[in-house]
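Numbering follows our numbering, in which position 45 of the sequence shown is assigned residue number 45; successive positions increment by one, without gaps.
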Amino acid sequence: MSSLPKMIPDDYVFTRVRDAAHPEYATASATATARYALLRRGMTVKEFLDIDLRGNQPRRIDITNNLKVRVGQYSANLELAAPSAPDAVAARREYLGTMAEAVTYVAAIDTKADDIMLDPKKSRLVCEVDFEKDGKQTGFVRLFHSVHASAYGFIPIPIVVIKNGEGPTAVFTSGNHGDEYEGQVALCDLARTLDPAKIKGRVILLPMANFAAGMAGRRTSPIDEVNLNRAFPGDPNGTVTQQIAYWIESTLLPKADFVADLHSGGSSLMYVPCALMKLSGDEKRNAAQRAMLEAFGAPINYITPGGSGTGQDNTLSGGAERLGIPAIGTELAGSGTVTRAALQVVRRGLNNLLVHAGILPESDRVEITVAPQVVTVAGPEHFVYAAESGVWEPMVELGQMVQAGQAAARIYRPETPWLPPVTMRFEAGGMVLCKRIPGRTMRGDCLFHLGA
Ligand SMILES: [Zn+2]
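Spelled out as structure tokens, the structure:
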């Protein structure tokens, strides 16, 4: 048995925290869990370290800011926290190990790694439907929300489970952003028309994932102003939207063999109908996602490494990636409305995805006459952001091919009408996939993005 490295200060305590779903990562959720446990005992955390106690050279990595740190042998890793209330020794000992116990743990966990995992916190949401029952189940996921007008009430998030015997499970979600409607319409159709007798396996539909945002027709929830698709992996004790994210990632997604999260441009953007996938380091998963895109058959398929403006691992797809589940998304149209062209794409796409998975029979496949075009949406060079605030004039339109250096937009400042407009240019060439809708723009708004 080794002794603890001298590098660990005496006022540090170790937390037996590891994200149960992803033992190889010290993740944001594991850190948040530890932070919460300390908080409940009146301690706030100044610093988190990830310490590898097995190697000859212990590593010391600051993960205070929720950095995702890959650790070599998770069974020999412990997280250490520096509480800002060093006098709270008794409380600390109740939940956390002492340094000596930590050493014992390191010896023990080599053979019993599960012991270092905190039980995954249970979601507070309650699902009315039985995921294991054959036939069609409809109901609500109850998100309890005690407010002035409703002391014991819940927010009813609609859910539909259609199941017939053994087979793969599809999870389709929409209304993740409440002002993106095409996916919601398509999932309403599936909820009514998909006949359990005709399928093999299970289809789970969550058409209004962020229910309050959906009812308000807004991107974010009017209750907590949180954007669900930037809230993953969520928090079981967080705000309502954070609780939804946690339930989706901890309860819903683990049931899935594959996921489609249906988005569009919402109120502020308009898209050429696209389906998309985010690349990960898992080549097998990447290949499964490419096959899903091909089956879905949107006119444009775009592949992205996940940009800083479009969500990284804090999206629903990021949750699927953490769980290793193949997932595709869509950007169907937008402008806060519904178009027939986008509905045709998403209805056919979901149907063909179910055929591709073997949930629907091959005879149900709807022919795709035009092969999808595959493009890449990579770094900031594929985006045009407003450099000034004002009223903007688009110099190109959706679907158009553009060259690097070409004028994208002119921004006028009517409050100072004698100033010349500011010309924004494309940094790269490609096809215009996405365009801002409102005529007013603020510095930093996305005006266009390309696929190349
Ligand atoms: Zn969206």
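The beta-carbon is built from N, C-alpha and C at its ideal position, and this holds for glycine as well.
Within 6 Å: the Cβ of residue i and any heavy atom of ligand 1?
| i | result |
| --- | --- |
| GLU180 | yes |
| HIS148 | no |
| HIS177 | yes |
| HIS263 | yes |
Closest by CA to residue i, which one among the options?
| i | options | result |
| --- | --- | --- |
| GLY405 | PHE383, PHE154, PRO222, SER389 | PHE383 |
| ALA157 | THR169, LYS136, LEU125, LEU353 | The amino acid at residue 157 is misidentified as Ala; the sequence shows Ile. Of THR169, LYS136, LEU125, LEU353, the residue nearest in Cα terms is LEU125. |
| GLN184 | PRO207, GLY167, ALA191 | PRO207 |
| ASP282 | ALA320, ASP261, THR239, ILE437 | ALA320 |
| ASP134 | VAL160, GLY153, TYR412 | VAL160 |
| GLY324 | LEU253, PRO168, THR330 | LEU253 |
| MET395 | GLY238, LYS435, ARG142, LEU332 | LYS435 |
| ASP179 | PHE232, ASN237, GLU331, GLU397 | GLU331 |
| ALA387 | TYR412, ALA170, CYS274 | TYR412 |
| TRP247 | ASP257, ALA256, PRO236, MET401 | PRO236 |
| GLY444 | GLU381, PRO417, SER389 | SER389 |
| GLY234 | THR138, PHE258, SER317, VAL366 | SER317 |
| ALA213 | GLY175, LEU190, ILE204 | GLY175 |
| ARG365 | VAL375, ASN351, THR376, ALA378 | ASN351 |
| GLY167 | TYR385, GLN344, ASP257 | ASP257 |
| LEU269 | THR416, LYS122, TYR385 | TYR385 |
| ASP196 | PHE232, GLN243, PHE154, LEU354 | Just to set this straight, residue 196 is Pro in the shown sequence, not Asp. For PRO196, the nearest C-alpha among the options comes from LEU354. |
| GLY336 | PRO414, GLY217, GLY165 | GLY217 |
| GLN243 | ILE368, ARG142, ALA151 | ARG142 |
Decide if residue i is buried, meaning its Cβ has at least 16 other Cβ atoms within 10 Å, or exposed.
| i | result |
| --- | --- |
| LEU419 | exposed |
| VAL71 | Bear in mind that the predicted position of VAL71 carries a pLDDT of just 32, short of 50, making it unreliable; the figure below should be weighed with that in mind. Flag for VAL71 reads buried. |
| ALA100 | Bear in mind that the predicted position of ALA100 carries a pLDDT of just 41, short of 50, making it unreliable; the figure below should be weighed with that in mind. Its Cβ having fewer than 16 others within 10 Å, ALA100 is exposed. |
| GLY266 | buried |
| TYR181 | buried |
| VAL370 | exposed |
| GLU249 | buried |
| THR241 | buried |
| ARG322 | buried |
| PRO438 | exposed |
| THR193 | exposed |
| PRO222 | exposed |
| MET442 | exposed |
| LEU228 | buried |
| ALA408 | buried |
| GLN57 | At GLN57, the pLDDT of 43 sits below 50, so the modelled position is not reliable; the number obtained from the coordinates is stated separately. Looking at its Cβ environment, which holds fewer than 16 other Cβ atoms inside 10 Å, GLN57 is exposed. |
| PRO273 | buried |
| HIS148 | exposed |
| GLY379 | exposed |
Is residue i near ligand 2, in the sense that its beta carbon is under 6 Å from a heavy atom of that ligand?
| i | result |
| --- | --- |
| HIS449 | Ligands displayed in this structure: ligand 1; ligand 2 is not among them. |
How about residue i and residue j: are their beta carbons less than 7 Å apart?
| i | j | result |
| --- | --- | --- |
| PRO326 | GLN289 | yes |
| ARG230 | ASN314 | yes |
| PHE461 | ALA260 | Lying outside 1 to 452, the shown extent of the chain, residue 461 is not represented and no answer is given. |
| TYR271 | GLY311 | no |
| ALA186 | VAL346 | yes |
| GLU128 | PHE140 | yes |
| ALA455 | HIS356 | The chain is shown only over 1 to 452; residue 455 falls outside these bounds and no answer can be derived. |
| VAL391 | ARG440 | yes |
| ILE328 | ALA275 | yes |
| LEU279 | PRO305 | yes |
| VAL377 | LEU398 | no |
| LYS255 | THR138 | no |
| SER453 | THR251 | Missing from the structure shown is residue 453; the chain here goes from 1 to 452 and no further. |
task: Report yes or no: do the stretch 336-346 and the stretch 279-287 share at least 3 C-beta pairs separated by less than 8 Å?
output: no
task: Could you tell me whether the stretch 416-431 touches the stretch 444-452, using the rule of 3 or more Cβ pairs below 8 Å?
output: yes
query: Is the stretch 355-363 touching the stretch 186-203 in the sense that three or more CB pairs, one from each, lie closer than 8 Å?
result: Touching, per the Cβ criterion.
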